[in-house]
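> Quick note, the sequence shown lines up with residues 550 to 857 if you use my numbering.
Positions of the beta carbon are idealized from the N, C-alpha and C atoms, including for glycine.
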Amino acid sequence: MKIALRICAETYRSTREGVPRLVEILQQHKVGATFLFSLGPDQTGRAVRQGFSHQAMRRAEHESAIERYGFPTLLYGTVLPAPDISHRCTSILTETKSAGFDTAVHGWNPQQWLGQINSANATWTATQMQRAHQRYKEIFGDDAGGHGAAKWQMNVHALRLTQRLGYRWASDCRGTHPFVPVWNGEPIHCAQLPTSLPTFDELIGRDGHTAENVHQQLLKMTASTQSTEHVFSLTADFARMKLNSTLNSLLVGWAEQGHEICSLDTLRNSLDFATLPRHELIFRTVAGRAGLLLTQGDEFLSTWKEAA
């Protein structure tokens with residue numbers, strides 16, 4: 550079984566400090582991963598001040614915002630100027646790719662994205678995605694191969710742009726297996742590789758799971774699954790917290806189970822787009838996380854097939 554690692558670098562601090570630490574851990578285990586980079590300004594502080602209700606600002610009580618983001622990050626865009634992540638961390642981005650890891654687009658300004666994407670029009674959405682797409686090309690010298698939305702939040706305009714911008718894959722939703730997305734009957738010709746396993750922060754603090762033992766639950770899930778592919782998502786912020794040893798234990802456990810730990814690009818290369826099932830997209834809740842997330846729904850026209 551392939552387990553693709555989807556690593557989100559959402560803030561300046563997580564890019565500057567978390568990404569290099571994760572690169573080191575992954576190299577020690579000789580595994581692959583995809584790093585999704587935020588490429589514009591870090592305005593986390595503005596999101597806090599305006600009280601957005603998105604998931605990043607509504608964590609369970611077990612998680613401290615200051616511990617996760619750092620005090621300066623909570624002031625970016627308000628008291629402190631918002632740092633341009635990709636300009637100030639260019640060497641980290643390029644060194645990550647040079648180290649052999651897959652890199653892709655997370656967005657231009659994730660905090661702004663989470664605050665506006667649900668009601669955004671086509672023009673605003675295109676501006677955000679095209680800025681990130683262009684900045685990626687300026688830094689790496691070629692187009693990104695994929696896109697992974699912040700906190701699994703998208704709209705129909707963004708979904709269409711994954712196709713128009715030429716992405717080979719997108720990891721914008723939650724689900725169970727790779728598929729071709731369909732929005733209200735409209736197919737989007739960009740393979741979705743959904744996050745299929747719960748994240749660390751969705752498990753910790755529930756049912757006795759702690760930062761020290763949360764990997765055990767994930768290993769139970771991958772030991773008993775019938776799936777041939779999984780996607781596990783984590784944020785680079787956690788590399789600075791108490792989860793380094795937990796991630797090490799998880800990677801060791803997956804290796805012992807015989808799984809291949811890879812990038813999203815490697816997972817996509819193993820798939821035949823023509824044979825992927827088509828599934829509707831819906832919004833629904835996920836245990837351990839606030840709000841509605843874009844999620845893989847029923848197979849398209851499955852009801853019609855059954856009736857026929």
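On a CA-only basis, which of Asp821, Phe689 and Thr759 is nearest His738? Give me that one, please.
With distances taken between Cα atoms, His738 lies closest to Asp821.
> Distance, Cα to Cα, Glu573 vs Asn797?
Looking at the two C-alpha atoms, the distance is approximately 11 Å.
> Once DSSP output is grouped into helix, strand and coil, what is the label at Ser773?
Reduced to three states, the DSSP call for Ser773 is helix.
> Which value, in whole angstroms, describes the spacing of the CA atoms of Leu642 and Val568?
Approximately 9 Å between the Cα atoms of the pair.
> What are the complete beta strand (DSSP E) segments, minimum 3 residues, inside the region 645-674?
The region 645-674 contains these whole beta strand (DSSP E) runs: 651-656.
> Please determine, among Thr652, Ala836, Glu751 and Arg709, the residue with the shortest C-alpha to C-alpha distance to Thr674.
The residue with the shortest Cα to Cα distance from Thr674 is Arg709.
> Around the Cβ of Gly807, are there at least 16 other Cβ atoms within 10 angstroms (buried) or fewer (exposed)?
Answer is exposed; the Cβ neighbour count stays below 16.
> Three-state secondary structure (DSSP) at Phe584?
The answer is strand: DSSP assigns Phe584 an E or B state.
> Between the alpha carbons of Lys646 and Phe586, how many angstroms are there, rounded?
Going from the Cα of Lys646 to the Cα of Phe586 covers about 11 Å.
> Going by C-alpha distance, which of Ser668, Pro727 and Asp633 is nearest His828?
Per the Cα distances, Pro727.
> Can you tell me which residues form a DSSP beta bridge with Arg555?
DSSP output for Arg555 lists Thr583 and Ser782 as bridge partner(s).
> With distances taken from CA atoms, which of Arg684, Pro630, Gly715 and Gln577 is nearest His636?
Answer by Cα proximity: Arg684.
> With H, G and I counted as helix, E and B as strand and the rest as coil, what does DSSP make of Ala804?
Ala804 falls in the helix class under three-state DSSP.
> Can you give me the C-alpha to C-alpha distance between Arg838 and Gly690, rounded to a whole angstrom?
If I take the Cα positions, the gap works out to 36 Å.
> I'd like the span of the alpha helix (DSSP H) that includes Phe749, first residue to last.
It spans Phe749 to Leu752 - the alpha helix (DSSP H) in which Phe749 sits, taken as one unbroken run.
> Determine the burial state of Asn704: buried for a count of at least 16 other Cβ atoms within 10 Å of its Cβ, exposed for fewer.
It is buried - the Cβ of Asn704 has at least 16 other Cβ atoms within 10 Å.
> Mark Pro736 as exposed unless 16 or more other C-beta atoms lie within 10 angstroms of its C-beta, in which case mark it buried.
With fewer than 16 other Cβ atoms within 10 Å, it is exposed.
> Would you kindly check if the distance between the Cβ of Ala699 and the Cβ of Leu746 is under 8 Å?
Cβ distance not < 8 Å, so Leu746 and Ala699 don't count as in contact.
> Looking only at its own chain, which residues have a Cβ that is under 6 Å from the Cβ of Cys557, when we skip the five neighbours before and after it?
If we look at Cys557 and ignore the five residues flanking it on each side, its Cβ neighbours are Leu585, His655 and Thr784.
> Near Tyr561, what residues of its chain come up, given a Cβ to Cβ distance below 6 Å and the 5 sequence neighbours on each side ignored?
The answer, listed in chain order, is Asp591, Pro632 and Ile634.
> Would you kindly work out how many angstroms separate the C-alpha atoms of Tyr716 and His696, rounded to a whole number?
For Tyr716 and His696, the distance between alpha carbons rounds to 7 Å.
> Looking only at its chain, what residues have a beta carbon closer than 6 Å to the beta carbon of Thr725, apart from the 5 residues adjacent to it on each side?
Around Thr725: Ser745.
> So, for Leu752: in the same chain, excluding its five sequence neighbours on each side, which residues have a beta-carbon less than 8 Å away from its beta-carbon?
These residues qualify, in order along the chain: His758, Val763, Gln766, Leu767 and Gly837.
> To the nearest angstrom, how far is the alpha carbon of Phe832 from that of Cys722?
Their Cα atoms are separated by approximately 9 Å.
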